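Read left to right, the sequence shown gives residues 1 to 518 (the UniProt record's numbering).
Backbone N, C-alpha and C define an ideal beta-carbon position, used for all residues, glycine too.
In this text the structure is predicted, and so the values were computed from the model without any measurement.
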Amino acid sequence: MLIDDFIDVRLVDIAVPDALGVNDQHWPFTATVQATGAIDPDLAFPGNSQFFTALFGVIAQGLGIETLATGRAVLTEIGTEKDMTFVIGHARTLADHAKKKQWCLYPATSAGIPVYMDDLSATDRCVKCGLCLPHCPTFTLTGNEADSPRGRISLMQWLEASPEISQGFLNHIDRCLQCGACEAMCPSKVPFGALMDTARTRLAPQHRQGFSNRLLAGIGSRVLASPRALRLAGPVLGGYRRLGLPALLGKLPGTVGRLNRLLSRKTGAGHRLARPAGNLPRLHLFPGCTGHALDRQTLYDAQQLLRARGYDAVISRETACCGALQQHIGQADRAAALARHNHTALGDDEVPVISIASGCAAHLQGYDAVDTLDASAPFSSRVSEIMAFLAEQDAATVRFDPCEEPVGVYVPCTQRNALRQSQALFDVLRWIPGLETRHINPQGGCCGAAGSYMVTQPAFSDALGDAVVERIIDSAVRTLVTTNIGCSIQLQARLRARGIEVEVIHPVTLLLRQLRSQ
Numbered sequence: 001m002l003i004d005d006f007i008d009v010r011l012v013d014i015a016v017p018d019a020l021g022v023n024d025q026h027w028p029f030t031a032t033v034q035a036t037g038a039i040d041p042d043l044a045f046p047g048n049s050q051f052f053t054a055l056f057g058v059i060a061q062g063l064g065i066e067t068l069a070t071g072r073a074v075l076t077e078i079g080t081e082k083d084m085t086f087v088i089g090h091a092r093t094l095a096d097h098a099k100k101k102q103w104c105l106y107p108a109t110s111a112g113i114p115v116y117m118d119d120l121s122a123t124d125r126c127v128k129c130g131l132c133l134p135h136c137p138t139f140t141l142t143g144n145e146a147d148s149p150r151g152r153i154s155l156m157q158w159l160e161a162s163p164e165i166s167q168g169f170l171n172h173i174d175r176c177l178q179c180g181a182c183e184a185m186c187p188s189k190v191p192f193g194a195l196m197d198t199a200r201t202r203l204a205p206q207h208r209q210g211f212s213n214r215l216l217a218g219i220g221s222r223v224l225a226s227p228r229a230l231r232l233a234g235p236v237l238g239g240y241r242r243l244g245l246p247a248l249l250g251k252l253p254g255t256v257g258r259l260n261r262l263l264s265r266k267t268g269a270g271h272r273l274a275r276p277a278g279n280l281p282r283l284h285l286f287p288g289c290t291g292h293a294l295d296r297q298t299l300y301d302a303q304q305l306l307r308a309r310g311y312d313a314v315i316s317r318e319t320a321c322c323g324a325l326q327q328h329i330g331q332a333d334r335a336a337a338l339a340r341h342n343h344t345a346l347g348d349d350e351v352p353v354i355s356i357a358s359g360c361a362a363h364l365q366g367y368d369a370v371d372t373l374d375a376s377a378p379f380s381s382r383v384s385e386i387m388a389f390l391a392e393q394d395a396a397t398v399r400f401d402p403c404e405e406p407v408g409v410y411v412p413c414t415q416r417n418a419l420r421q422s423q424a425l426f427d428v429l430r431w432i433p434g435l436e437t438r439h440i441n442p443q444g445g446c447c448g449a450a451g452s453y454m455v456t457q458p459a460f461s462d463a464l465g466d467a468v469v470e471r472i473i474d475s476a477v478r479t480l481v482t483t484n485i486g487c488s489i490q491l492q493a494r495l496r497a498r499g500i501e502v503e504v505i506h507p508v509t510l511l512l513r514q515l516r517s518q
């Protein structure tokens, strides 16, 4: 008889050396459930051997648990689970009178934060196959199962039953980039991104946020949600840079210094174009929360390029942040409010919405999931990332001058894993005669930007960014293009930290430079 006939095995990474305690015991076991000591890094479980012998029997044998007379039960390596400590949960049908009963072991915690979760049943789609592990940037860095998609799924499953969690638990959730690499390749189609959003939303009221998280949450609720504030942010930041304050304050430690180092990014001012004469097809050009403040050059270059393609590209003035930042830091209500606001600002019509940032485009295409969105037609069908939109156009309508220098191409996670439109970027760049593109991340990987992650998780963010910088150095390019503003800010900052002169621009800027005068 197979082990699955006796028990459902739930894999949970304890991760931190908390004492193991039993917080729930539905079935009145004959043996007293006691576990003393701590979880050791070598995966040793110092526990009561009588407890294992009495309750697990053949289960222990099937899982590779060695019961010793000394009272130590060592969890041996099972497949790829070498970095996990196993807690066996939800034992069913161990005996006739236990068929409708469940028991579960929980780790005692130092934080003592209560958790109340909504439905996370989609975590049960995960079959723990481990195919996602080599694709996960944080697992690659730490080798810790709890920093992998499979480990985080197990932590989410734990939340459904556990009354409290530890700070170590929160750290593993916070370290997730939500890059989407695991979801893109998952054979079981586990909706990992949505599950992580749900988990973070439920954890947010109980999460003791650090200064950087509180600062970003405040900016998200007060500045990014206001179209007027976003429009004013451009001139304000321009003056801030002209005074040399980012370079000066960037020398400070902590969050303030890091934000200023990121704000030191070089960007052109761009210029607004007058409405074209004639009756051209209209487009909404979505600036997001960074277009006016941090990426005006790209915004206006995109407008000019689309005009050259025969479109009346109108920059939306009443839209706010797309809501991705809020969604991914556990502010689901605010993200939904921004979705409703932007939908109203963009109108309930069939005018296409073009985003200059792949991250915004990916989130905008998810607006249909907001159940209070009043729309007569699916909103997502109107939304396109600008390179994907251009790729659908006739390349023969405009001409470009040749480009003799090679150009590096960094494909953001949102372009690759969420939109799944990486090829569109290369297809459009081929419009430029003679252009040699050097793919910086053909095997995937994340630069560590990930929205607010580059501020809230500096060590992980820098490590991931520096790995990409090494590949940029190896490519020997002087210009790098990428379709997401977060990646652009991150890579410019990491290149600048290394003293490397590489221009980082949006592909539309390169295309406009090479656009032949008609």
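- The alpha-carbon separation between residue 147 and residue 311 amounts to approximately 46 Å.
- Annotated three-state conformation of residue 456 is helix, per DSSP.
- Residues 125, 126, 127, 129 of the same chain have their beta carbon placed closer than 8 Å to that of residue 188, with the five preceding and five following residues left out of the count.
- The bridge partners DSSP lists for residue 312 are 282.
- The three-state secondary structure of residue 148, taken from DSSP, is coil.
- Taking each of 487, 291, 293 in turn and checking the Cα distance to residue 411, the smallest one comes out for 487.
- An exposed status is given to residue 397, since fewer than 16 other beta-carbon atoms sit within 10 Å of its beta-carbon.
- Between residue 508 and residue 480, the C-beta gap is not smaller than 8 Å, which leaves the two residues out of contact.
- If the five residues before and after residue 471 are omitted, its C-beta is found closer than 6 Å to the C-beta atoms of 440, all from its own chain and listed in chain order.
- The alpha-carbon of residue 421 is positioned some 14 Å away from that of residue 181.
- Beyond the five residues adjoining it in sequence on each side, residue 193 comes within less than 7 Å, by CB distance, of 178, 180, 183 in the same chain, given in chain order.
- If you draw a 10 Å sphere on the C-beta of residue 248, you find fewer than 16 other C-beta atoms in it, and that means exposed.
- One alpha carbon belongs to residue 355, the other to residue 286, and they sit about 5 Å apart.
- Taking residue 465 as reference, the option from 366, 318, 138 with the minimal CA-CA separation is 138.
- In the structure shown, residue 319 falls within a coil segment according to DSSP collapsed to helix, strand and coil.
- Assignment of residue 330 by DSSP, reduced to helix, strand and coil, places it in the coil class.
- For residue 438, no alpha helix (DSSP H) segment is defined; the enclosing uninterrupted segment is the beta strand (DSSP E) at 437–439.
- Residue 354 has 285, 384 as its beta-bridge partners, per DSSP.
- About 5 Å separates the beta carbon of residue 485 from that of residue 295, a gap short enough to meet the 8 Å contact definition.
- For residue 428, the uninterrupted alpha helix (DSSP H) run begins and ends at 422–429, by DSSP.
- Scanning 155, 258, 244 for the CA closest to the CA of residue 493 turns up 258.
- Contact between residue 390 and residue 351 does not hold, since their C-beta atoms are separated by about 17 Å, which reaches or exceeds 8 Å.
- For residue 505, the pairing in a beta bridge is given by DSSP as 481.
- Secondary structure of residue 407 (DSSP, three-state): strand.
- For residue 515, the closest alpha carbon among the candidates 400, 499, 418, 123 is that of 400.
- Secondary structure note for residue 197: its alpha helix (DSSP H) is the uninterrupted segment 192–203.
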